[in-house]
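Here the structure is laid out as structure tokens; the discussion comes afterwards.
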Amino acid sequence: MGGRKKTLVGMAALMLLTAPLVAQSWAGDGPGSVELGSLANHYSAVTFDHAMHTGVATSCAECHHHTTGASPTDPTCARCHEAGGKSRSVACRDCHSDKRFSAEDLAKIEETPKMYHKGKLGLKGAYHQKCLGCHTTMGGPTGCQDCHTRNDKGDAFFNSGKYAPAPTAKAGH
Amino acid sequence: MKMLNRRSFLKGGLAGGAAIAAVGTSKQAGAAGQSFGGYPDSMGVLVDLTKCVGCRTCEAACNKEQGLESPDKPFDDLSVFEEKREGGLPRRTTEKAYTVVQKYEVEGREHPLFRKVQCNHCNEPACLTSCFVNAYKKTPEGAVMYDPTVCVGCRTCMIACPFYIPAYSYSSAINPVVKKCIMCYDTRLKFGRPPACVEACPQEVMTFGKRKDLLKLAHQRIGQNPEAYVDHVYGETEVGGTAWMYLSDVPFDKIGYDTHLGDQPIISYVKEFLAIVPMVLTIWPALFTGFYLLSNRKDALKNEDNKS
Ligand code: SF4
Ligand code: SF4
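As they're listed, the protein sequences go chains A and B. Everything in the first sequence is counted per this note's numbering, starting at 1337 for the first residue and increasing by one. Everything in the second sequence is counted per this note's numbering, starting at 4 for the first residue and increasing by one.
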């Protein structure tokens, strides 16, 4: 992951030095696939086919908002980030915290009264809302295990598989 | 049996009670009449119903966190959404499930709407004010807690709750206890951590934070995306405000929310009840003594009958 991040940052730096037009072709130069596993607990990591998705998306901004330098597709974001507003990192987890609602994160919000993005989604929420949102409108897979298979710990958590409750004889209840 | 609306039942009962105990109520009623309005820094949860996908992960998380009995069906079994109670009503919270997700098919909406139900942790809880042994308390962090050791099992709180939340566990016949969501107070909230369901939800349907900040966030979300929401934050004012609040794209009365509860905490009705409690306490011993004497007399008569 570290290597890929460096590459992205390097490319972003390079883009800063080149003509803005070049940014358009950059989409195809993103990583081929990304392993999304930092949150894996009840499910296995997701191998995200980045290359395939760049082919489907109309703009990098559909997922990366303003961070890649493309103009945001969401009009709410465009109110401030119309020009793109490239950021140092384009990785989801560098903006969307994997410790959302932790005392630490809540304190940060509290101590920064002028922070605008107070309600910014955590990493898990950002992934799921983005993926499922688009998959629902585009007819992509939406079942939990369509993207990540559940592990044994997950089966126990959901009282499913070999942890499923024994069918009870009592009819009605 | 005709189902009585719980609140009209309560109000009716109170009116009757108040008439009996009309003398000497003013002092207590005055004391209870000061509106409390909620703790200023209490925490809350903003639930954005437009984001819920009905995966029931929150239910599973609650079950594990609270160490509840294993469910009748796996938590990934979506057939529970079709289960109906009497009167065609969807599932409700029970002593085995402090939170349940309900499914609503809404005309004109492309997908069903899912609604997570649990205790709303009212600012001025009717369960608390209706309980005459003070089994309930509202913590400064926002959770509504109850103490099973003082509960006498009268079930007034079940009738008083405008959201039909408290359930009863009869697993112990001698000491039945109220069971409901406690906002994970003793394992999480008091340490500043969000409830287990909030953390488990893949969609971040729920936002945890100070109630006053959540209100700003809720109105900001509506303002930024007015086509995506109805202009109402359910729980902002209902029954004096609740710690759990809701955003929806469908009018709340279409998805099972009671929109006629009013903005006044139910304490306003219950304070009359509180005022009659001391009266009840003084009358009851006398009444019971009377019953005791009566039944003794009957027994004595019976014994005499048997002898002859
Ligand atoms: S929702 Fe019901 S049980 Fe929960 S605090 Fe309010 S009155 Fe009490
Ligand atoms: S875990 Fe979240 S998305 Fe899933 S049913 Fe519960 S509230 Fe809805």
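Ideal Cβ positions, reconstructed from N, Cα and C, are used throughout, including at glycine.
Open item on the list: Taking 8 angstroms as the threshold (beta carbon to beta carbon), is A:SER1407 in contact with chain B?
Closed with: Here residue 1407 of chain A corresponds to residue number 71 of the first sequence, with the count starting at 1. Not closer than 8 angstroms to any Cβ of chain B, the Cβ of A:SER1407 fails to qualify, so no.
Task: B:CYS134: CB within 7 angstroms of a non-hydrogen atom of ligand 2 - done: For this step, residue 134 of chain B is matched to residue 131 along the second sequence. B:CYS134 Cβ: outside cutoff for every heavy atom of ligand 2.
TODO: Determine the extent of the beta strand (DSSP E) in which B:LYS213 is found, giving its start and end residues.
DONE: Here the question's residue 213 of chain B lines up with position 210 in the second sequence. Segment 209 to 213, the beta strand (DSSP E) holding B:LYS213.
TODO: Compare the beta carbon distance of B:PRO179 and B:TYR171 with 8 angstroms and say whether it is the shorter of the two.
DONE: Walking along the second sequence from the start, residue 179 of chain B turns up at place 176. Walking along the second sequence from the start, residue 171 of chain B turns up at place 168. Result yes, Cβ atoms of B:PRO179 and B:TYR171 sit closer than 8 angstroms.
Task: Cβ shell of B:LYS67 (< 8 angstroms), same chain only, five flanking positions each side left out - done: Translated into the one-based positions of the second sequence, residue 67 of chain B becomes position 64. Correct list, in chain order: ALA199.
- [ ] Answer yes or no: do B:ALA221 and B:MET186 have a C-beta to C-beta separation smaller than 8 angstroms?
- [x] One-based indexing of the second sequence puts residue 221 of chain B at position 218. One-based indexing of the second sequence puts residue 186 of chain B at position 183. Result no, Cβ atoms of B:ALA221 and B:MET186 do not sit closer than 8 angstroms.
TODO: Show which residues of chain A have a CB atom less than 7 angstroms away from the CB atom of B:LEU250.
DONE: If you number the second sequence from 1, residue 250 of chain B lands on position 247. Result: empty, since nearest Cβ-Cβ is about 11 angstroms, beyond 7 angstroms.
Open item on the list: Just verifying my parser: in three-state terms, what is the DSSP assignment at B:CYS160?
Closed with: Taking the first residue of the second sequence as 1, we reach residue 160 of chain B at position 157. Reduced to three states, the DSSP call for B:CYS160 is helix.
Open item on the list: Is B:PRO205 close to ligand 2? I mean its beta-carbon at under 7 angstroms from any heavy atom of the ligand.
Closed with: On the second sequence, position 202 is the one that residue 205 of chain B refers to. It does: the Cβ of B:PRO205 is within 7 angstroms (strictly closer) of some heavy atom of ligand 2.
Open item on the list: Suppose you measure from the CA of B:LYS215 to the CA of B:ASP44; what does that come to, to the nearest Å?
Closed with: Walking along the second sequence from the start, residue 215 of chain B turns up at place 212. Walking along the second sequence from the start, residue 44 of chain B turns up at place 41. Each residue's alpha carbon lies about 8 angstroms from the other.
Open item on the list: Within a Cβ cutoff of 6 angstroms, which residues of the same chain sit near A:HIS1512, ignoring the five residues on either side of it in sequence?
Closed with: As shown, chain A starts at 1337 and ends at 1509. That puts residue 1512 of chain A outside it, with no answer to give.
Task: Inter-stretch contact (C-beta, 8 angstroms, three-pair minimum) for the stretch 47 to 63 of chain B and the stretch 249 to 268 of chain B - done: Remark: three or more beta-carbon pairs, one from each stretch, lie closer than 8 angstroms, so the stretch 47 to 63 of chain B and the stretch 249 to 268 of chain B are flagged as touching.
Open item on the list: Please state the DSSP three-state secondary structure of B:GLN227.
Closed with: In the second sequence, the residue the question calls residue 227 of chain B occupies position 224. B:GLN227: helix per DSSP, three-state reduction.
Task: Residue from B:GLU113, B:ILE162, B:LEU116, B:VAL120 whose Cα sits closest to the Cα of B:LEU131 - done: Position 128 of the second sequence, counting from 1, holds the residue named residue 131 of chain B. Selected option, being the one with the closest Cα: B:ILE162.
Open item on the list: So with CB distances below 7 angstroms, who are the chain B contacts of A:ALA1522?
Closed with: Look at the range of chain A in this structure, 1337 to 1509, and you will see that residue 1522 of chain A is not part of it.
Open item on the list: How far does the beta strand (DSSP E) with B:ARG118 in it extend, from its first residue to its last?
Closed with: On the second sequence, residue 118 of chain B is found 115 positions in, with the first residue counted as 1. Taken as a continuous stretch (DSSP letters only), the beta strand (DSSP E) holding B:ARG118 covers 116 to 120.
Open item on the list: With H, G and I counted as helix, E and B as strand and the rest as coil, what does DSSP make of B:SER82?
Closed with: Within the second sequence, the letter at position 79 stands for residue 82 of chain B. When DSSP states are grouped into helix, strand and coil, B:SER82 belongs to the helix group.
Task: Opposing strand residues paired with B:LYS140 [DSSP bridges] - done: For the purposes of this step, residue 140 of chain B is identified with residue 137 of the second sequence, where counting begins at 1. Per DSSP, B:MET148.
Open item on the list: For B:VAL103 and B:ARG59, I'd like the C-alpha separation in whole angstroms.
Closed with: For the purposes of this step, residue 103 of chain B is taken as residue 100 along the second sequence, with counting starting at 1. For the purposes of this step, residue 59 of chain B is taken as residue 56 along the second sequence, with counting starting at 1. Distance between the alpha carbons of B:VAL103 and B:ARG59: 8 angstroms.
TODO: Please report the residue range of the alpha helix (DSSP H) in which A:ASP1441 lies.
DONE: Your numbering for residue 1441 of chain A matches position 105 in the first sequence. 1439 to 1447 is the extent of the alpha helix (DSSP H) around A:ASP1441.
Task: When B:ASN123, B:ASP79, B:ILE269 are compared against B:MET46, the one with the closest alpha-carbon - done: Numbered from its first residue, the second sequence carries residue 46 of chain B at position 43. Nearest option by C-alpha distance: B:ASN123.
Task: Sequence-distant residues of its chain with Cβ nearer than 6 angstroms to A:THR1485 (five each side left out) - done: Stepping through the first sequence from its first residue, residue 1485 of chain A is reached at position 149. For A:THR1485, the CB contacts under 6 angstroms within the same chain, skipping 5 residues up- and downstream, are SER1380 in chain order.
TODO: Out of B:GLY156, B:ASP261, B:LYS106, point me to the one whose CA is closest to B:LEU116's CA.
DONE: In the second sequence, counting from the first residue as 1, residue 116 of chain B sits at position 113. Of B:GLY156, B:ASP261, B:LYS106, the residue nearest in Cα terms is B:LYS106.
- [ ] Have a look at the DSSP bridge pairing and note the partners of B:MET46.
- [x] Working through the second sequence from its first residue, we reach residue 46 of chain B at position 43. Residue pairing by DSSP puts B:MET46 in a beta bridge opposite B:LYS213.
TODO: Answer yes if the stretch 1490 to 1506 of chain A comes into contact with the stretch 1404 to 1420 of chain A, meaning at least three C-beta pairs across the two stretches below 8 angstroms, and no otherwise.
DONE: Fewer than three Cβ pairs drawn from the stretch 1404 to 1420 of chain A and the stretch 1490 to 1506 of chain A lie within less than 8 angstroms of each other, which leaves the two stretches out of contact.
Task: the stretch 1430 to 1448 of chain A / the stretch 1457 to 1464 of chain A touching (three or more Cβ pairs under 8 angstroms) - done: yes
TODO: Taking A:GLN1481 as part of the alpha helix (DSSP H), name the residues at either end of that continuous run.
DONE: Taking the first residue of the first sequence as 1, we reach residue 1481 of chain A at position 145. Here the alpha helix (DSSP H) through A:GLN1481 covers 1480 to 1483.
Task: Below-8 angstroms beta-carbon distance, A:CYS1399 vs any chain B residue - done: Counting from 1 along the first sequence, the entry for residue 1399 of chain A is found at position 63. Not one chain B Cβ lies under 8 angstroms of A:CYS1399.
Task: Rounded straight-line distance, which links the Cα of A:LYS1489 to that of B:TYR232 - done: Reading the second sequence from its first residue, position 229 is the one you call residue 232 of chain B. Reading the first sequence from its first residue, position 153 is the one you call residue 1489 of chain A. Rounded to the nearest angstrom, the two C-alpha atoms are 37 angstroms apart.
Open item on the list: Quick check: the Cα distance between A:MET1451 and A:LYS1444, rounded to an integer number of angstroms?
Closed with: Working through the first sequence from its first residue, we reach residue 1451 of chain A at position 115. Working through the first sequence from its first residue, we reach residue 1444 of chain A at position 108. Cα to Cα, the separation comes out at about 9 angstroms.
Open item on the list: Under 7 angstroms: does the beta carbon of B:CYS164 sit that close to some heavy atom of ligand 1?
Closed with: Locating residue 164 of chain B in the second sequence gives position 161, counting from the first residue. Correct: B:CYS164 has its Cβ closer than 7 angstroms to ligand 1.
- [ ] Please check the pair B:ARG112 and B:VAL253, which I expect to be a contact at CB under 8 angstroms, by giving their CB distance rounded to whole angstroms.
- [x] Here the question's residue 112 of chain B lines up with position 109 in the second sequence. Here the question's residue 253 of chain B lines up with position 250 in the second sequence. Rounded, the Cβ-Cβ distance is 6 angstroms, consistent with contact.
Task: Within 8 angstroms, strictly: CB atoms of B:GLU144 and B:LEU192 - done: Translated into the one-based positions of the second sequence, residue 144 of chain B becomes position 141. Translated into the one-based positions of the second sequence, residue 192 of chain B becomes position 189. It is a contact, given that the beta carbons lie within the stated cut-off.
TODO: Could you tell me which chain A residues have their CB closer than 7 angstroms to the CB of B:GLY212, listed as they occur along the chain?
DONE: Walking along the second sequence from the start, residue 212 of chain B turns up at place 209. Ordered by position in chain A, the residues that pass the 7 angstroms Cβ test against B:GLY212 are LEU1442.
Open item on the list: I want to check one thing, is the minimum distance from the CB of B:LYS119 to the heavy atoms of ligand 2 below 7 angstroms?
Closed with: On the second sequence, position 116 is the one that residue 119 of chain B refers to. B:LYS119 Cβ: within cutoff of ligand 2.
Open item on the list: Can you list, in chain order, the residues of its chain with a C-beta nearer than 6 angstroms to that of A:CYS1483? Leave out the 5 residues immediately preceding and following it.
Closed with: Taking the first residue of the first sequence as 1, we reach residue 1483 of chain A at position 147. Contacts found: VAL1382.
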